[in-house]
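What follows is a set of notes on a single structure, which appears directly below.
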Amino acid sequence: MSFVMTTGLIFPPLQGLWHDSWMTLLLGLAGGIVFALPYTTLCLRFPGKTLIEIHETVFGPVIGKLFSVASIWYTFHLGAQAGAIFITFLTTTIFTMTPRYVFSVTWLLVVGYLCKKGIEVIARVNEMLLVVTVFLIVGTGFLVLNIFKIENFLPLWSISLSDLLRAGFGTITFPFGQNVVFGLLLPFLHERGQARKAVFMGLCGAALFLLINLVITVGVLGELGKIFIFPTHQAFRMISIGQVMTRLELIPSLIFLAMGFIKVSIALYAASLGTAQLCKLQTYRPLVFPIGVLMVIAAHQIYPNIGVRLEMVERVQPIYALPFQLLFPLLALLAAVLRRLPGKEGQA
Amino acid sequence: MFRFLLRKLRLAQQFKENATPSAGYRLHKSLEENIALFRAELGESPDVAIRRFTLNLKKGIKAAIIFVEGLMDQQVVYDCILHPLMIEAKKETWTVDSDLLGFIQENLITASGLAQEDRFPPLVDAVLGGDTVLLIDGQTAALVVSTKNWEKRAIEEPDTEVTIMGPRDGFTEDLRTNTALLRRKINYPGLVFEQMVIGRRTRTTVVVAYVQGIANEKIVEEVKARLKRINTDMILDANYLTEFITDAPFSPFPTIAYTERPDVAAARLLEGRVAVLVNNTPTILMMPSLFIEAFQSPDDYNDHFLYATFIRWLRYLAFLMSFLLPALFVALTSYHQELIPTPLLISMAAAVEGTPFPVVIEVVAMGAVFEIIREAGVRLARPIGQTISIVGALVIGEAVVSAGLVAAPTVIVVALTAITSFVVPKQQEIAIILRLTLAVLAGILGAYGIIIGLLFTLAHLASLRSFGVPYFSPVIPLQVGDLKDVAVRAPLWAMWTRPQALEGQDSKRQNFGERVPSSIAAEEPDRPPSAPGKRKKEEKNRKK
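One line per chain: the protein sequences are Z and C, in this order.
The first sequence begins at 1 in our numbering and counts up one residue at a time.
The second sequence begins at 1001 in our numbering and counts up one residue at a time.
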């Protein structure tokens, strides 16, 4: 189960500062761990309850519902965003002539199928894909050795501290802080006590592989990398071993895409499950496809083109995501502590 | 959605259900009336024989035996029933007490299988099953003498699972032979056979076999419960059962395995699985079944483990190729030409030059043609089958290319796929379905289509269970211990646990890595060979 965490994160391409971005990444990891504290604590305090149920016990039925709606909206938005990224990626790099609705509909079918099968299946599929991805990342590390230049990392510390902090903050909210989604899913872990450990391990693992990926990309592309929207894709494009292994960018891209499916599935699952719990439904299954359709529409509406998305990630995202990722869980935790809530009721 | 429809249909069906309880009515006292009963039940079929005779015990009592010709052993009937009752009984001076049947049972009939029965329906079953029923005038019970014997096929090597080494025996259509074959492989009292009858009209005998102390009791109970719930009127083949009790009735993946080899069945039983033997079928069912089983051939265990591991990897590769190759070919040639090394691309482009159809159509059409040729060859008499394969493979393949209808690379790919699909015969059907679907998807959406198809399949595989065991284990969910017979074929002494996925009892086969060490001391080349007496001393020292 802990692997679920890693996946969602692995693909999102890192923007911002270029050859010092490894520092940003580490900063992001640290921040991500801090961000993960409130909701994991909450989940440990209320074992077996999701964020939605916790909201209701902590804030009471009315305000709690408001908070829950906000959380669900965030999850929903996250899914739409991730879906939009991958669809944009496809339409700008590989399938430039294909209408994007083709992708979103097929996407929705697979993701909906995954969600209907439940979290266990998502986790298992993810496990398989994760092994492949790790293998690929390490493998490509070897393939690019002939064009890898360590000089690309020089000069170190060429950016000001304020820039670094700003970029680091951006990395915290995207992708690391998005883990808050798991607040909706943590109760389904097999070993509940392990929740915090699982999240942290997931974060660290994700950071490790993002780092390897980043080192490869920067080392291969150098300063040139700045101008690409999807630098990883470009880095793999440079692979050239003999006459046989050339321009392999498609393969890693598609594997990462598969991970993208997982990310969207988790978001869709969490959103459907959250809605079902909010409305006290018996099962989330009938909600999967309606919410999925809404998600696709939202993806098309919110991000009509790549420019808007970049703008969003750079400027809006850090501020927009902050309340959902840090503030709400923190508030809930605070309220719980003040009202001494988990007490006897929580045990039962 | 299928499930939904199924549920509705089942509901509708339940209204029509009307069970017909057959009360077990008893025999009459009069012989003639009993014979009339049998005649009424069995009709005037010529193969049902009723032989009347006089029992020369006391003052001559009328009696009759009833049997079905062709299902019983004439010799046994004569030696064990007719001869003793008509001739032996005359010689001696018996003192018969009131219990005539018991007396006959104990003193006269020499057959090994014998039982008393006073209800009518079991008697009819016994007659139809090949036993002989002895009716005696004035008795309200009858004797059932076991005289089953019919024409059987000899034990042969099964055509479906041929091996190079190892035992050559295969199951036959006869249930008793099959259980005997299993008993011979596993000479252990824990091997349990439990018998039941399924099918209202065919009354097929079905045997559930498992090894007590190894198999998971829950799974055994589940298998039995599912079998008991089958309510149909005919079971003609093992697959009839499979379709009724399988976990995922709409899935193309088989969650119940089959085998025709006793050695495979024995190995599976000792891993903790349950076997179901169906009368009149040489294939027996094994459950729970994992996806990975299809890749394990009995030859793996008869060969050196390194070679077996290598062959197993080849099998994985061949299976991947058998469903991915056409799709990849379509995606590469029609969407992602940049991935093909340039010299290859040039020669491929030259070959494609002048062919009228897009690659997808070529691949799907040629794939379909191949399946047709295969199907035509399978069910024909062998000599004609060979003609068909020659016409199909050589004439069509060659002519189609030289006529410029299909590009040569397509034919190569389809031919290669065809060969690889025979490497793993047990998953061949899936490979065909996946291959065509993925090829079409690749034609529409390129590599993205392939990913969609694969993810869908993966999700489906991950959600499948076979009697509670995840179908794709030990890969997902990962069980590292079980990989020793999946990722590699570990040496037998290193396979010290049974598959954990099956959750059987007594998971330990032997102590970890316990081999038989050599008891002959290795000759050390540096020293001259020592005298025999000296060596003995050395050995003694070592033992200390």
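All residues carry an ideal CB built from backbone N, CA and C; glycine is no exception.
Keep in mind it's a predicted model, so treat the numbers as computed, not measured.
Here DSSP, grouped into helix, strand and coil, assigns Phe1467(C) to coil.
Shown here, Arg1509(C) sits in coil according to DSSP, grouped into three states, outside any helix or strand. Only exposed fits Phe1053(C), as fewer than 16 other CB atoms lie within 10 angstroms of its CB. Residue pairing from DSSP places Met1286(C) in a beta bridge opposite Ala1257(C), Ala1275(C). Gln1105(C): member of the alpha helix (DSSP H) spanning 1100-1107, first to last residue. At least 7 Å separates the CB of Phe1067(C) from every CB of chain Z. For Thr133(Z), no chain C residue has a C-beta closer than 7 Å to its own C-beta; the minimum C-beta separation is roughly 13 Å. Under a 10 Å Cβ-count criterion, Phe35(Z) is classified as buried, with 16 or more other Cβ atoms of the shown protein chains found around its own Cβ.
Contact check between the stretch 1074-1084 of chain C and the stretch 1143-1162 of chain C: three or more CB pairs, one atom from each, fall below 8 Å, which counts as touching.
Following the DSSP letters along the chain, one finds Ile1050(C) inside the beta strand (DSSP E) bounded by residues 1048-1055. The alpha-carbon of Ala1331(C) is positioned some 10 Å away from that of Leu1339(C). Distance from the CA atom of Val105(Z) to the CA atom of Pro304(Z), rounded to whole angstroms, is 16 Å.
For Glu1194(C), the uninterrupted beta strand (DSSP E) segment begins and ends at 1191-1198. Straight across, the Cα-Cα distance linking Val293(Z) with Leu281(Z) is about 20 Å. DSSP places Thr1172(C) in no alpha helix (DSSP H); its state is neither H nor E.
Per the Cβ contact rule, the stretch 285-292 of chain Z is in contact with the stretch 267-276 of chain Z (3 or more Cβ pairs under 8 Å). Under the three-state reduction of DSSP, Arg166(Z) is assigned to helix. The C-beta of Thr96(Z) has fewer than 16 other C-beta atoms within 10 Å across all chains shown, which makes the residue exposed. Contact annotation for Pro1477(C) against chain Z: Arg124, Glu127 [CB-CB distance below 8 Å, chain order].
Going by beta carbons, Ala1209(C) and Gly1272(C) fall outside the 7 Å limit.
Neighbours of Ser1463(C) across chain Z, judged by C-beta separation under 7 Å: Lys117, Val121.
Beta-carbon to beta-carbon, Ile33(Z) and Ile266(Z) are separated by about 20 Å, too far to satisfy the 8 Å threshold. Around the Cβ of Trp73(Z), a 10 Å sphere holds fewer than 16 other Cβ atoms; the residue is exposed. Interface with chain C (7 Å Cβ-Cβ cutoff): Tyr113(Z) is included. Taking Leu326(Z) as the centre and dropping the five residues before and after it, the same chain places the C-beta of Phe35 closer than 6 Å to its C-beta, in chain order. The CB of Val110(Z) comes closer than 7 Å to the CB of Ile1452, Leu1455, Phe1456 in chain C, given here in chain order. Look at Phe86(Z): its C-beta is not under 7 Å from any C-beta on chain C.
Here the stretch 1402-1418 of chain C lies against the stretch 1344-1360 of chain C, with 3 or more beta-carbon pairs under 8 Å apart. Contact between the stretch 1116-1133 of chain C and the stretch 1221-1240 of chain C is absent: fewer than three C-beta pairs spanning the two stretches fall below 8 Å. Using a Cβ distance threshold of 7 Å, Ser1322(C) and Ser1421(C) count as a contacting pair.
With respect to Ile1230(C), Thr1202(C) sits apart: the two C-beta atoms are not nearer than 7 Å. Put simply, of Met1366(C), Lys1426(C), Glu1362(C), Leu1128(C) the residue whose alpha carbon is nearest the alpha carbon of Val1068(C) is Leu1128(C).
For Gly1446(C), the neighbours in chain Z by C-beta distance under 8 Å run, in chain order, Ile94, Phe95.
The criterion of a C-beta distance shorter than 7 Å is not satisfied by Asn1187(C) and Leu1277(C). The C-alpha of Ile1256(C) is placed about 18 Å away from the C-alpha of Asp1263(C). Around the beta carbon of Pro1158(C), 16 or more other beta carbons sit within 10 angstroms, so the residue counts as buried.
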